[in-house]
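Residue numbers (our numbering): 638 to 1070. This report concerns only the one structure given below.
The following block contains the structure:
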């Protein structure tokens, strides 16, 4: 007979209250996507494509693929509106083992490294202005974000909404100002690419759009999730696609493709070109705010996936007095410490974040498989079924193949980390028995 402690550990936690409305959920989608990537990625894309037209085409393709993903996963999101999002869909379609591997990747690296990466970006920008040491500031940011999330999902969502609105408005104003500039400068240095690769340029664009799926992990805390989740996915992704198109066009118009490709801080350069030193400081402040928002959303949404591991790792799904997954949040903050202290935090985040994309592809296939499940009620049906899921799956596989060609060791390390979850799962199941 199981002990009382074991039985208690396996008891499902009390469901959190559904406090987030449609507007909150949409802002979560927008906030998860609009991170610090839009301030650097346009330079990488310009360098890989060599022309404004090709660069804009790649950004449009990235927007299309992200929208296909949102359309694909909106159907299982409406049919299975439980906390954990993609974890829940993978569990229903492919079993507990595949779902655990996704949750393991989120627990071990993806969430803590993302939180540490954004905290590091914020700390470096503050250090440039105040002279404060970066490591203590980064750790303080992680601690602050953890505290805000433990204090309640409503407060965390409110903080996230404020930062999202501020950076969205700031980026919109910067894009409009760039389009209203008198005339673009003449490029004095021709920038050519020997053999521009759409797939190679698409990789950083998809990173910039990453986050469109995050709102699904909060489905258990959203009001009327069967309607709210699909709307937040599609509307949020479409809004960010329009915003990114405006900003990227502004980058190319004001800086020119050659200067943009050579820039190490395109956001600051755009601000300086528009409004001198004041504009550069304003863009630096916008980057700092976006980094804080990225750290907030990583913890807010990622810890819900980690909490879904409670069936295999008892205790991580325990809810605190404010109905938040306190153990998952605190555990994420603790695991973020070594990433924040590492001088290679940015590289580590890039190395292992690729591990999430195979699960995105499996999520698209899960949408197709679950369509044949007669026990599921589907309040939302995928438009043009099955093409959004098929195209998203194919494009994700193509992107991963391209990434493997560019850096085989990076992909191998990421997949090795995922595979490490199998012995961890076996050990955890043996201990809980």
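Yeah, the Cβ is synthetic: ideal placement off N, Cα and C, and Gly gets one too.
Could you spell out where the alpha helix (DSSP H) holding residue i opens and where it closes?
i            : result
residue 873  : 862-892
residue 614  : No information on residue 614 is available, as it lies outside the stretch 638 to 1070 that the chain covers here.
residue 994  : 994-1007
residue 685  : 678-686
residue 856  : Run containing residue 856: none; DSSP gives neither H nor E here.
residue 939  : 903-944
residue 1012 : Counting along the chain, residue 1012 falls outside any alpha helix (DSSP H), and DSSP gives it neither H nor E.
residue 719  : Per DSSP, residue 719 belongs to no alpha helix (DSSP H) and is neither H nor E.
residue 762  : 748-767
residue 656  : Careful: residue 656 lies outside any alpha helix (DSSP H) and carries neither H nor E.
residue 798  : 790-816
residue 587  : A question about residue 587 goes unanswered here, because the residues of the chain that appear run from 638 up to 1070.
residue 745  : From DSSP, residue 745 is part of no alpha helix (DSSP H); its letter is neither H nor E.
residue 1036 : 1024-1043
Measure the alpha-carbon distance for residue i versus residue j and round it to whole angstroms.
i            : j            : result
residue 782  : residue 688  : 40 angstroms
residue 1060 : residue 1052 : 14 angstroms
residue 696  : residue 925  : 24 angstroms
residue 1035 : residue 1015 : 30 angstroms
residue 1012 : residue 927  : 42 angstroms
residue 837  : residue 698  : 13 angstroms
residue 885  : residue 806  : 15 angstroms
residue 825  : residue 910  : Model confidence at residue 825 stands at a pLDDT of 42, short of 50, so the residue's coordinates are unreliable and nothing is read from them.
residue 831  : residue 1043 : Caution applies to residue 831, whose pLDDT of 47 falls short of 50 and renders its modelled position unreliable; the value that the coordinates give is listed next. Cα to Cα, the separation comes out at about 16 angstroms.
residue 970  : residue 931  : 14 angstroms
residue 1071 : residue 959  : No statement about residue 1071 is possible, as the shown extent of the chain runs from 638 to 1070 and does not include it.
residue 858  : residue 896  : 45 angstroms
residue 827  : residue 809  : Because residue 827 carries a pLDDT of 45, less than 50, the predicted location of this residue cannot be relied on, and the following value inherits that uncertainty. Cα to Cα, residue 827 sits roughly 29 angstroms from residue 809.
residue 912  : residue 923  : 14 angstroms
residue 953  : residue 741  : 12 angstroms
residue 914  : residue 767  : 17 angstroms
residue 1076 : residue 732  : In the structure as shown, the chain begins at 638 and stops at 1070. Residue 1076 is therefore absent and cannot be evaluated.
residue 1001 : residue 1037 : 15 angstroms
residue 1010 : residue 711  : 16 angstroms
residue 693  : residue 1039 : 20 angstroms
residue 734  : residue 726  : 12 angstroms
residue 675  : residue 906  : 13 angstroms
residue 892  : residue 683  : 11 angstroms
residue 901  : residue 946  : 40 angstroms
residue 1071 : residue 819  : There is simply no residue 1071 to check, as the chain begins at 638 and stops at 1070 in what is shown.
Please tell me whether residue i and residue j are closer than 7 angstroms, where the distance is taken between their beta carbons.
i            : j            : result
residue 679  : residue 903  : yes
residue 793  : residue 657  : no
residue 663  : residue 803  : no
residue 1056 : residue 1048 : no
residue 776  : residue 998  : no
residue 702  : residue 1032 : yes
residue 739  : residue 1062 : no
residue 715  : residue 1017 : yes
residue 841  : residue 681  : yes
residue 939  : residue 743  : yes
residue 771  : residue 780  : no
residue 936  : residue 817  : no
residue 1003 : residue 709  : no
residue 872  : residue 700  : no
residue 865  : residue 659  : yes
residue 773  : residue 973  : no
residue 908  : residue 919  : yes
residue 759  : residue 812  : no
residue 921  : residue 762  : yes
residue 860  : residue 1067 : no
residue 815  : residue 890  : yes
residue 964  : residue 955  : yes
Under 8 angstroms: do the stretch 854-863 and the stretch 706-726 share three or more Cβ pairs, one atom per stretch? yes
Closer than 8 angstroms is the cut-off here; do at least three beta carbon pairs connect the stretch 665-683 with the stretch 836-847? yes
Under 8 angstroms, with one C-beta from each stretch per pair, do the stretch 704-712 and the stretch 1018-1026 reach the 3-pair mark? yes
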